[in-house]
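Asker:
4 protein chains.
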Amino acid sequence: MAAERKLRMGLIGGARGFIGPVHRMAAALDGQIELVCGAFSSSAKRSQETGAELFLPQHRVYDSYDEMLATEARLPADQRMDFVSVVTPNYLHADIATKALQAGFHVLCEKPLTISREQADALVQTVNNTGLAFCLMHNYSGYPMVKEARGRIKAGQIGAVRKVVVEYPQGWLAGDFAAAGVKHQSWKLDPELSGGSCCLGDIGTHAFHLAEYVTGLRVAELCADLSIFIDYKQMEDDANILLHFDGGARGILYASQVSINDENSLAIRVYGELGGLEWHQEEPNTLLVKWPDRPRELVRSGCGNAYLTPAAQAATRIPAGHPEGFIEAFANVYLAFAQIVRNAAAGAPAGSVDGDFPTVNDGLRGIAFIEAAWESQRSDRKWVPLV
Amino acid sequence: MAAERKLRMGLIGGARGFIGPVHRMAAALDGQIELVCGAFSSSAKRSQETGAELFLPQHRVYDSYDEMLATEARLPADQRMDFVSVVTPNYLHADIATKALQAGFHVLCEKPLTISREQADALVQTVNNTGLAFCLMHNYSGYPMVKEARGRIKAGQIGAVRKVVVEYPQGWLAGDFAAAGVKHQSWKLDPELSGGSCCLGDIGTHAFHLAEYVTGLRVAELCADLSIFIDYKQMEDDANILLHFDGGARGILYASQVSINDENSLAIRVYGELGGLEWHQEEPNTLLVKWPDRPRELVRSGCGNAYLTPAAQAATRIPAGHPEGFIEAFANVYLAFAQIVRNAAAGAPAGSVDGDFPTVNDGLRGIAFIEAAWESQRSDRKWVPLV
Amino acid sequence: MAAERKLRMGLIGGARGFIGPVHRMAAALDGQIELVCGAFSSSAKRSQETGAELFLPQHRVYDSYDEMLATEARLPADQRMDFVSVVTPNYLHADIATKALQAGFHVLCEKPLTISREQADALVQTVNNTGLAFCLMHNYSGYPMVKEARGRIKAGQIGAVRKVVVEYPQGWLAGDFAAAGVKHQSWKLDPELSGGSCCLGDIGTHAFHLAEYVTGLRVAELCADLSIFIDYKQMEDDANILLHFDGGARGILYASQVSINDENSLAIRVYGELGGLEWHQEEPNTLLVKWPDRPRELVRSGCGNAYLTPAAQAATRIPAGHPEGFIEAFANVYLAFAQIVRNAAAGAPAGSVDGDFPTVNDGLRGIAFIEAAWESQRSDRKWVPLV
Amino acid sequence: MAAERKLRMGLIGGARGFIGPVHRMAAALDGQIELVCGAFSSSAKRSQETGAELFLPQHRVYDSYDEMLATEARLPADQRMDFVSVVTPNYLHADIATKALQAGFHVLCEKPLTISREQADALVQTVNNTGLAFCLMHNYSGYPMVKEARGRIKAGQIGAVRKVVVEYPQGWLAGDFAAAGVKHQSWKLDPELSGGSCCLGDIGTHAFHLAEYVTGLRVAELCADLSIFIDYKQMEDDANILLHFDGGARGILYASQVSINDENSLAIRVYGELGGLEWHQEEPNTLLVKWPDRPRELVRSGCGNAYLTPAAQAATRIPAGHPEGFIEAFANVYLAFAQIVRNAAAGAPAGSVDGDFPTVNDGLRGIAFIEAAWESQRSDRKWVPLV
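Chains as they are written, first to last, in numbering that gives the first Met the number 0: chain A, 0 to 386; chain B, 0 to 386; chain C, 0 to 386; chain D, 0 to 386.
1. Would you say Val386/C reaches chain A, if we count a Cβ-Cβ gap shorter than 8 Å as a contact?
2. Taking its Cβ as the centre, do 16 or more other Cβ atoms sit within 10 Å of Met0/D, making it buried, or is it exposed?
3. If you measure from the beta carbon of Asn263/B to each beta carbon in chain D, is any gap under 8 Å?
4. So what does Arg249/B bridge to, in DSSP terms?
5. Since Val383/D is in the alpha helix (DSSP H), which residue starts that stretch and which ends it?
6. Is there contact here, the region 234–241 of chain D with the region 150–158 of chain D, by at least three beta-carbon pairs under 8 Å?
7. Which class does Met234/C belong to by DSSP, given the choice of helix, strand or coil?
8. Identify, in the order they occur along the chain, each residue of the same chain with its Cβ nearer than 7 Å to the Cβ of Ala335/C, setting aside the five sequence neighbours on each side.
9. Please work out which residues of its chain come closer than 7 Å, Cβ to Cβ, to Leu385/D, disregarding the five sequence neighbours upstream and downstream, and give them in chain order.
10. With a cut-off of 8 Å on the beta carbons, I'd call Trp290/A and Met144/A a contact; round off their distance for me.
11. Quick check: is the beta carbon of Val85/B nearer than 8 Å to any beta carbon in chain D?
12. Given 7 Å as the limit, tell me if Tyr231/D has its C-beta closer than that to any heavy atom belonging to the ligand MN.
13. Using only the alpha-carbon positions, how far apart do Leu112/D and Glu327/D sit?
14. Less than 8 Å separating the beta-carbons of Gln169/D and Ile202/D?
15. Per the DSSP calculation, Ala38/B is bridged to which residue(s)?
16. Here's a check: name, in chain order, each residue in its chain whose Cβ is nearer than 7 Å to the Cβ of Leu100/A, leaving out the five neighbours to either side.
17. Quick check: what's the CA-CA separation for Asp224/D versus Arg380/D?
18. Give a yes or no on contact between the region 258–265 of chain B and the region 159–167 of chain B, applying the rule of three or more CB pairs nearer than 8 Å.
19. Quick one, which of Ala314/A, Gln338/A, His208/A and Asn304/A has its alpha-carbon nearest Gly320/A's?
20. Tell me which residue opens and which closes the alpha helix (DSSP H) that Lys44/C is part of.
21. I'd like the span of the alpha helix (DSSP H) that includes Phe368/C, first residue to last.
22. Which stretch, first to last residue, makes up the alpha helix (DSSP H) that contains Thr125/A?
23. Strictly below 7 Å CB to CB, what residues from chain A border Lys110/B?
24. Just the C-alpha distance for Glu282/B and Val269/B, rounded to the nearest angstrom, thanks.
25. Buried or exposed: which applies to Pro348/B, given that a residue is buried once 16 or more other Cβ atoms fall within 10 Å of its Cβ?
26. Under a three-way DSSP split, which group does Asp224/B fall into?
27. Tell me which same chain residues have a C-beta within less than 6 Å of the C-beta of Ala26/D, skipping the five on either side of it?
28. Applying a beta-carbon distance threshold of less than 8 Å, which residues of chain D neighbour Met24/C?
29. Helix, strand or coil for Cys197/D per DSSP?
30. In chain order, what residues of the same chain have a beta carbon less than 6 Å from the beta carbon of Gln118/C, not counting five sequence neighbours either side?
31. What are the residues that DSSP puts in a beta bridge with Lys289/C?
32. Based on the DSSP secondary-structure assignment, which residues constitute the bridge partners of Pro318/A?
33. Would DSSP call Ile267/A helix, strand or coil?
34. With a cut-off of 8 Å, does the C-beta of Lys98/A fall near any C-beta of chain C?
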């Protein structure tokens, strides 16, 4: 069945910060989704201002997410939003997502999933009970060359994985911290709002998800060395973590917010018995492929590169050499999620299908990762299992 | 005055090829423009199919651009499209743009402007007569780091320009041409549709515009060595051109469609008396800045990089390290054009204002460039002036 | 006093493998040292063949190092070698170096220093007792940009160091191991000859020395995760190690010989409170310098780059843009060592002076590092002090 | 027959500047050549000082090259130098080389060959008449990856060559020229000493030779646009040149000494019908290989990379990942030349054998190139044949 209309998205949060606009741009990019309503801020005034800037009709701009969920649920089916995107500070994720699901809406939620394991477990339960679609925004998995890496590993091209090095160095908190007043004001630096983890919650979970997504392996145990260099609110700003994967692969994960002048230098290297792969987020359209006895190859994203795996081709909009970036990768997650929501609208199941987007279970893994890392740190940096 | 609604765009062309979707994505990205109507193909059937895929109401999908311009012009002001984007094969640009302007619509048009100098001169006249806004889509000028380069040169940071090297090697026509049936079918390879120039019209004009845009200088004369390696339709597929700029700067421009495996490797290097600049389209978020007695710098695009020029900052949507690419640059041209269209809707003049987007005059320069290059080639590759 | 002659070098080992020739080329490069004698192999025949290839007079080619040390010691002062270079398998280092020192010769020795802590302690003692010059060949410290990094950190340019990431991934043992017969024959894969450590002894100690050399900090404790992927002789071929430095800096060191298709990808990143530094051995002439609020800089090696520290300038032979590589860095260690030997010949002390080359104490640190790493591994990968 | 001794080299010039030491280091590197005598300067005092620094016996250090050639010729065969290296300012090349050949010595000479076509023709004649070996130091042809490129083209891997882009941008004369007193003093800036060409003679001939060496094609005609930006001695400091090769390939050659902050950014790109090749001198150990329908490959220099052509393998001293640079490439030219000199000593012909080093004929091509470029420039930048 051909689609007859754009999907209708509601947005909770996003009045401030850079990630709200990214969600809106990513959702709009492919012409499949339209923003129809929002509760953009805990401040009703700011919510209304944002709604006006986005050209929304006033009656679809809400003062609170509770009001939005209740009102939208009562709208006729041909007006009601189809799904809600949650881009609030971390501490609200669980409450909003739970209520949205209970009100019958599919949910796309920013990471980390929640601020505790308990919340995460409950949310998994709610998703399963409602049978609705749930997407956790690990946007880096939307890059075509990340999908290419995953596809090649799945197909056995590099053999059994031996080693994974995933890193996410960033300089956000480095430099003259005292002078950087704006940074202080980020909710990410308020343990009550962020959930008590800074570096791991903000970027470490991305690195963790990327490692599991690309390799298809699960981390079995870890040993974490967390640091607090910016002595501000006692949250970690640097993490060096050793990983053991199921099946014997070894790994290193490091995430840092004091890596001065580094931007979002997320990168992953995977070494297998037969070959290796390397990808850097800041030059996302190249995948370096390594072979034992012949030259390494520069695999490139782009329509028309017929040698790419189908998933990588499908995640590309333009021919090679026209760089696609962060927003396009983000939009790929939206597209994959939107397809499941469309299918659900047409009667298909939504909750347990594989749509090649991160799910609530990936979110749970991320929370388990944060908690295991802190447990290791607190117990003299010992190895602890990740369950 | 705050904007109260999205601008309404009509699209002519774009049912096939990759550039139509790019226009739609770029226009949609920032939530400032909505596509309201289109005549997407010379085939009425294909136009309707495309309109349906884009969720347009059937009555706003037209069988021909003549019908579209006539019908839209009669719609009430609160429904009528505000401007039209022209993404057809080159030979139609002049006719469509002229009629659209005469029907009272602002126009955004793909490059090259027309297929002859005569057409181009007439179109300039029409734009001037109507006083409407006209944007020529030289999308590479929309990249933040291109604007940074332009801004730094304008501010005198590298002193008087001595040398410019601009290149656009591409492998589109290389490889097993006979087997690449799809390529044969491109209208770009039909001289009647493309206007008789392949490499120069398709990519050479981009390189030419980039050189003049970044340096703020005008090419005064040139010496061209054009080649036809793929002996298919007798259009040039490779161009090596020496440039003399007003004021004494020297330059090299080369564009090629037989540079096997190169993608869209547009790059520019500018050397002045005090410093130099280097930019590569395939890694668009870095500008290399060169100084005589100290290390070269990697200037990076991104919100929050306070050292950037205002124009570069304004052209950036996300913090450094989250790569923005081709579509975002394209969207910057749309945004700048849209601002002028908005201002015009509010009563401001549109036709002669500087909105930091390429205009009909830039289009005319491009046509003059193509014709001068061919004139040079035909007269034993002599130097010819570019007027 | 101007030098009046070349220094005379004797060589022990080097008939096979690639490192012997490197020593000879590095020693010869600057015209300060001449090879005058050698015991090139445990096989007298092979030693003679090598000597002949090197155009040595037959009577200066020895069948054993014992014979060489004894005979050379009896030669008149104006013929006798000034120092000996030891490039044998690891297990011989201690015996040869000790005997050479006792025979009155300065010694330059390949790493690792010895195959046990006990041997290393004894050798330190012998060096101290004899007062002779001793150089351990950590050649990577000879690169100009490594010296630049060290100089900048020493001068406080990046402030207090917070984090160090040093890596040495290599694919030597990856790929089709069974087919790579030659590799099997390397003494490095025979625990009796190598000392029982493969990855750490061969490349890990280089990474370790580089981290301490560049930062000027000492590792206080570590937690090691060693792996054996190539199940051949039960030596580690991969090492992931967390580091704590004196003063609070954190670090990661990883070395690997199963990182397929990686060559000698030694790299170091150091992040301080005020700035950061990054260097890659495979592109050794660039040092990336990172600042909080301005663009990163590409500091380049080369005579005439007046902004470089004196040590980096002194370590460079040619103007920027003429790449210097591995052999030149190696030769820098020889040059620094040779200067001390020259000074000693002129009556200056040799044993306790700072010549900017790695010493026996650096060698001891390397052995302590290997032993601590294995102790950590054997005690369930706990943290252990490095004394 | 195995070699029984090192070859004996005499050096003319080299007391000042950086290229003399490079010759000495390159000659010494592989232990095949020893410096036995020299006339290092037109100043006898400086010649003696240099000889002393090089530990030469006083009687082998000469006050003039005439004295050196005469005296060495009279020495017994087992002491006499085997060949002479000429590293003086350009204007002396012809006289020295001619006299050396006439005195019976093989010659290795810096580029450009001479300062006029007339001199060059005469020197070719002398070489042919004497039957001695003559090497022109186009050192860039000594890089392993340059030989790899040449070998692959020769073997037909990229098919018929269509396009060549060779560039040598350099910032030597840019920046604050007035303040750079040292530069003024270079003989390269004195037309009487350099021969009247600056940019072309110094670096343009390298680019030209590289293009002909790698492709195996000859330039048939050219169109040159030469510039004088640094108005000092009226020699060109920038050159943009269009090339036509025999057989139809097109090309661009540009060389510049005002490309601020560029170092020795010699690079070449060759595009053929089946593939393409790209090499950059500043990262000399990688050759980028391009294919139409599969990923580009990073071909890497290094012993053990069995996929390399024999010539590239033979030009490599150490395993991949241990960077070899400028001096090593230089030394490869010396090694190839030395082999012919050795063979000649054993009775083989020297003058007309292919030793994979640049010859007097390559030198003649370079002089013809300079003269054709200037002829084009002087005749209104017309196309002129290169004979």
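Yeah, the Cβ is synthetic: ideal placement off N, Cα and C, and Gly gets one too.
Answerer: In terms of the structure at hand:
1. no
2. Confidence in Met0/D is poor, its pLDDT being 41 and thus under 50, which makes the residue's placement unreliable; the coordinate value appears in the next sentence. Its Cβ having fewer than 16 others within 10 Å, Met0/D is exposed.
3. no
4. Lys162/B and His243/B
5. Where Val383/D is concerned, there is no enclosing alpha helix (DSSP H), although the beta strand (DSSP E) it sits in stretches over Trp382 to Pro384.
6. no
7. coil
8. Gly354, Asp355 and Phe356
9. Val218, Ala219, Glu220, Leu221, Ala367, Phe368 and Ala371
10. With a Cβ gap of about 17 Å, Trp290/A and Met144/A do not count as contacting.
11. no
12. Of ligands this structure carries none, so the ligand MN is not represented either.
13. 22 Å
14. yes
15. Ile11/B
16. Val106, Thr125, Val126, Thr129 and Leu131
17. 6 Å
18. yes
19. Asn304/A
20. Ala43 to Glu52
21. Val359 to Arg377
22. Arg116 to Thr129
23. Within chain A, no residue comes near Lys110/B; the closest Cβ sits about 15 Å away, beyond 7 Å.
24. 17 Å
25. exposed
26. strand
27. Met8, Ile32 and Tyr333
28. Leu28, Asp29, Gly30 and Arg316
29. coil
30. Ala93
31. Gly275/C
32. Cys302/A
33. strand
34. no
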